[in-house]
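Report on one structure; see the data block that follows.
Here it is as structure tokens:
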């Protein structure tokens, strides 16, 4: 039985607290070796039936990043139109992506019908393949933060448009658009809490008994 | 900037590798305080718009566990019927859940239309709420393993049936059924790899450039 020390456990708790969704990045380059080292923990993530359905696209050209940025800007304008009054003003003031600055940008897809894993565990809940990709992303996020890197998950995007713009197969579903780089500043408080959009509610982690 | 030492990073890598999906549990009781301490890391997980859509149900009665077990057994019989020949024999030999033994059993739901978070980040990708729940589960899984606890994620279930059996609201979607307890044995190799069902492919973590 591999045991983990009390010291490690308290550092792990700190890592989980310091892992924040980052929207403000320094423009410093991140070495590709370090990006790959962090991505390699996808191999340690659970996946349904060992299907490993993750497909990792890194946007390296100005053209591909520009299309992704325009996709976000369009979806964000549509989202803003859904809010009124104070809430609209607050929404408009939020920085919801670091896509203009983040040196590393990744689009993570799920190959929906991968033959890998032989369909095990995905008959009644085919969404498990996408969940496997999320579990891998979360593992990656913690690993990246341990190296001092920040991640921001952008979901205000038209996923079909992004898939088309990046010219990836139709059976790949966008799970996440990730901005990555060294954070401009760090805090234990989510930015949405600081600006008064929403607060955390610790009551929600209490168990409901059945 | 909170930094993490090289020693911590290598222990974190070990934790990620030793985090396995566990199907064989000891029947030893897990103190409820420890379960709750692990669940509390849901508060540190990212959630879209700070919506915190997780709803955590712990199955404590024999009646609720029996219904969940029957749900699994029925879905698993249906799944087996999809395989032929060798693959069917191999499938039938797999231990796909620890539901008969695991001392702790949790059903984790997503409240699809929670007002919390004001819909931020979920207009074009409403599945982000479910992904937030998965990210929290993954954080919990690592925390639990640091305490020597194993988790097994069961997805061979009819999610609507489970929701009905547990008498939870209709707008809660099942994300995961988790078995938890002290593992009978530990290994770095996924059981599906040991028995020859599927193998890991490190090539899948290489980036595709665009």
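Chains as they are written, first to last, in the working numbering: chain A, 1 to 210; chain B, 1001 to 1210.
Backbone N, C-alpha and C fix where the C-beta goes; we use that ideal spot for every residue, glycine too.
By the criterion of Cβ-Cβ separation under 9 Å, what are the contact partners of residue i in chain B?
i                     : result
residue 55 of chain A : 1204, 1208
Would you verify that the beta carbon of residue i is, or is not, closer than 8 Å to some beta carbon of chain A?
i                       : result
residue 1001 of chain B : yes
residue 1123 of chain B : yes
residue 1041 of chain B : yes
residue 1048 of chain B : yes
residue 1159 of chain B : yes
residue 1120 of chain B : yes
residue 1180 of chain B : no
residue 1095 of chain B : no
residue 1018 of chain B : yes
residue 1021 of chain B : yes
residue 1201 of chain B : yes
Which residues of chain B have a Cβ atom closer than 7 Å to the Cβ of residue i, listed in chain order?
i                     : result
residue 25 of chain A : By Cβ distance, chain B contributes nothing, its closest Cβ being about 14 Å from residue 25 of chain A, past 7 Å.
CB-CB under 7 Å to residue i, same chain, minus the five flanking residues each way: which ones, in chain order?
i                       : result
residue 22 of chain A   : 98, 150, 151, 152, 183
residue 192 of chain A  : 198
residue 1145 of chain B : 1015, 1018, 1019
residue 1039 of chain B : 1056, 1140
residue 1041 of chain B : 1139, 1140, 1143
residue 1147 of chain B : 1034, 1038
Could you name the residues of the same chain whose beta carbon sits closer than 6 Å to that of residue i, not counting the 5 residues immediately before and after it, in chain order?
i                       : result
residue 110 of chain A  : 53, 129, 130, 133, 173, 175
residue 1161 of chain B : 1071
Chain A partners of residue i, CB-CB under 7 Å?
i                       : result
residue 1092 of chain B : In chain order: nothing, as chain A lies at least about 12 Å away.
residue 1138 of chain B : 135, 138, 139
residue 1014 of chain B : 2
residue 1190 of chain B : 50
Is any beta-carbon of chain B found at less than 8 Å from that of residue i?
i                      : result
residue 104 of chain A : no
residue 215 of chain A : Absent from the structure is residue 215 of chain A, since the part of chain A shown begins at 1 and ends at 210.
residue 156 of chain A : yes
residue 31 of chain A  : no
residue 61 of chain A  : yes
residue 69 of chain A  : no
residue 153 of chain A : yes
residue 193 of chain A : yes
residue 34 of chain A  : no
residue 44 of chain A  : yes
residue 113 of chain A : no
Please return the same chain residues whose Cβ sits closer than 8 Å to the Cβ of residue i, not counting the five positions on each side in sequence.
i                       : result
residue 1035 of chain B : 1058, 1104, 1180
residue 1159 of chain B : 1173, 1174
residue 1142 of chain B : 1015, 1016, 1019
residue 24 of chain A   : 95, 98, 101, 183, 184, 185
residue 995 of chain B  : No answer is possible for residue 995 of chain B: the residues shown for chain B start at 1001 and end at 1210.
residue 1126 of chain B : 1112
residue 1156 of chain B : 1072, 1075, 1076, 1079, 1096, 1097
Can you list the residues of chain A that residue i reaches, using a CB-CB cut of under 8 Å?
i                       : result
residue 1009 of chain B : 146, 147
residue 1186 of chain B : 1, 2
Taking a contact to mean a Cβ-Cβ separation below 8 Å, would you say residue i touches residue j in this structure?
i                       : j                       : result
residue 124 of chain A  : residue 1081 of chain B : no
residue 1008 of chain B : residue 4 of chain A    : no
residue 1067 of chain B : residue 1165 of chain B : yes
residue 1200 of chain B : residue 50 of chain A   : yes
residue 45 of chain A   : residue 122 of chain A  : no
residue 1202 of chain B : residue 43 of chain A   : yes
residue 1195 of chain B : residue 1090 of chain B : yes
residue 1061 of chain B : residue 210 of chain A  : yes
residue 1178 of chain B : residue 1069 of chain B : no
residue 117 of chain A  : residue 48 of chain A   : yes
Using a C-beta to C-beta distance shorter than 8 Å, which residues of chain B count as neighbours of residue i?
i                      : result
residue 100 of chain A : Going along chain B, no residue has its Cβ under 8 Å from residue 100 of chain A, so there is no contact; the nearest lies around 18 Å.
residue 64 of chain A  : 1210
Please list, in chain order, the chain A residues whose beta carbon lies closer than 9 Å to that of residue i.
i                       : result
residue 1198 of chain B : 49, 50, 51, 52, 116, 117, 118, 120
residue 1058 of chain B : 207, 208, 209, 210
Would you say the beta carbon of residue i is closer than 7 Å to some non-hydrogen atom of the ligand SAM?
i                       : result
residue 1191 of chain B : Absence of the ligand SAM from the depicted structure is noted, as is the absence of any ligand whatsoever, leaving it without description.
Give me the subset of the stretch 75-86 of chain A whose CB atoms are less than 8 Å from a CB atom of chain B, sorted by chain position.
75, 78, 79, 82, 83
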